[in-house]
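Residue numbers (the working numbering): 1159 to 1503.
Where is the CB? At the ideal position from N, CA and C, for every residue including glycine.
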Amino acid sequence: MLEAGDILGNYRIGGVLGEGGFAWVYAGVHVSLGHQVAIKVLLDHHVVKDSIRARFLDEARLQANMGHPHIVRVHDIIAEPGVAAMVLEHVDGGTLSDLLEDTGGPLPAPDVRRIGEQLLSALGHAHRSGVTHRDVKPSNLLLRADRPLQALLGDFGIARVRGELRGRKASTAVGATLGTVAYASPEQLADPRAVDGRSDLWSAAVLLLEAATGVHPFETGTDMSTMKAITDARPEIPEWLLRREPALVAALRGALRSRPEERWPTAERFAEELARTQAPPSEAPPSEAPPTRIPQAKVQPVAPPPPVVQAPSGGGALKWLILLVGAVLTAALLVWALRPAGLGP
């Protein structure tokens, strides 16, 4: 086991990022350039076994030649006496497994689709290169810390290679390991040497269904019962997901057929079906915006003007004279009525 501060090749070792049965992954930094990396180091008791060491270094070369934005890049290989290591790009957001554990529940459907599209893009590239990953699972899908989600597929340690990929012989790692039971396809459980890319599509669908529900669709507590559930190809899908996302469930089920020939034929086709599950865009706004409302100025109330009495026109002159005389008489009577008491005429 390496300690923080140790120098390995051109890299200074930092803390432990992860550990497994074959290798540990450390944080690291290039001594001269200063950029951060992750360093996967084969364990001491495995590095002395020539076949395991050779397969580990083959994995590094294979992954280095993938050249895809959603596959973890391999920058360098360190092969020294007693040491075998690969230097990987630093992906700072943990794994999908970590995310599912932290959230404790399902991911939003848009995130599930986004992860699925990126994973299927990576798998499609690998399959076109003649590589079947054979170990697609949440802990092998790394995430960047920034949003929106960016997922990268890693760990090609048990990948099956058909033909030759830039110097890597087909016999290397064929049938080396079964993979992880809970994410293995029915045919992988039967014979891990006889699988092709459609097996990876099954594993991807299991991963995405787990992300969409927060619960593994086949895992039952023991390997034997889980294998039986996988062989029967009857995933547990909660009713609430069927109601909310029927199209998403249908796309995933298309990759979870027991017989490989009944599944989506390629990663590209699976991705197309997944893309169709997105909710339709909301109704577009009208082409013409409504007229802008100009704020009304605050108006102070104004008292109405006094009524104006208009003189009648020519034909009513006599009537006007009678009204005038009446008004004079009325005023005289008021003056007489208001005179001081005791005064005579």
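Please go through the same chain and pick out, in chain order, the residues whose beta-carbon is closer than 6 Å to the beta-carbon of residue i, but skip the five residues on each side of it.
i	result
G1274	L1366, L1432
D1234	V1245
G1163	none
P1449	Note on P1449: pLDDT 32, under 50, position unreliable in the model; no value is reported.
H1226	A1280, H1283
Q1276	H1228, A1309
V1189	N1168, R1170
Closest by CA to residue i, which one among the options?
i	options	result
G1186	P1239, Q1308, G1412, I1165	I1165
I1210	A1181, H1228, G1225	A1181
A1425	V1373, D1358, S1416	D1358
R1318	A1237, D1354, L1307, L1347	D1354
W1360	S1343, R1292, E1368, A1369	S1343
V1195	R1213, R1170, E1217	R1170
D1349	G1263, R1292, V1199, A1429	R1292
N1168	E1161, M1159, G1192, G1179	G1192
E1368	L1406, V1183, G1225	L1406
G1315	Y1184, Q1276, P1418, A1222	A1222
K1198	G1262, V1249, R1286, E1419	V1249
E1403	R1213, P1266, G1225	P1266
M1224	G1178, W1398, E1419, G1288	G1288
H1285	T1261, G1262, R1320, G1379	R1320
V1232	E1430, L1311, E1177	L1311
Identify the residues that DSSP records as bridge partners of residue i: which are they?
i	result
R1318	T1290
G1186	I1171, V1195
H1391	His is not the amino acid found at residue 1391; the sequence shown has Ala there. BP columns for A1391 are empty, so no partner.
D1234	V1245
L1311	I1229, L1299
I1210	None, per the DSSP bridge assignment.
E1177	W1182
I1165	R1170
L1200	A1181
T1435	T1435 is not bridged to any residue.
T1371	For T1371, which the question treats as bridged, DSSP gives no partner whatsoever.
T1253	L1300
Please work out which residues of its chain come closer than 8 Å, Cβ to Cβ, to residue i, disregarding the five sequence neighbours upstream and downstream, and give them in chain order.
i	result
L1347	L1336, V1339, M1385, I1388, T1389
P1396	T1371, V1373
F1376	A1340, V1364, T1384, A1387, I1388, P1393, E1394
E1259	none
G1173	A1162, Y1184, A1185
S1329	Note that S1329 has pLDDT 39, beneath the 50 cutoff, so the model's placement of it is unreliable and no number is given.
E1177	V1183
G1262	G1372
R1434	A1405, A1409
Do residue j and residue i count as a contact pair if the criterion is CB distance below 9 Å?
i	j	result
R1421	R1356	yes
L1215	A1237	yes
A1362	V1294	yes
V1230	E1247	yes
A1408	F1428	no
P1264	Q1436	no
H1228	A1303	no
Y1184	L1160	yes
P1423	E1345	no
Excluding five sequence neighbours on each side, which residues of the same chain lie with their C-beta closer than 7 Å to the C-beta of residue i?
i	result
T1290	A1317, R1318, V1353, D1354, G1355, S1357, D1358
D1313	D1293, N1298
R1415	A1391, R1421
R1272	P1306, L1307
I1381	Per the sequence presented here, residue 1381 reads as Asp, with Ile not at that position. These residues qualify, in order along the chain: V1339.
L1175	V1183, Y1184, A1185, A1196
L1504	This structure cannot settle anything about residue 1504, because the visible part of the chain is limited to 1159 through 1503.
L1514	For residue 1514 there is no data in the structure shown, the boundaries of the chain being 1159 and 1503.
T1378	T1384, A1387
Is the segment 1384–1404 touching the segment 1274–1284 in the sense that three or more CB pairs, one from each, lie closer than 8 Å?
no
Quick check: the segment 1246–1261 against the segment 1290–1307, are there 3 or more CB pairs under 8 Å?
yes
With contact counted as at least three CB pairs below 8 Å, one residue from each stretch, are the segment 1239–1247 and the segment 1193–1211 in contact?
yes
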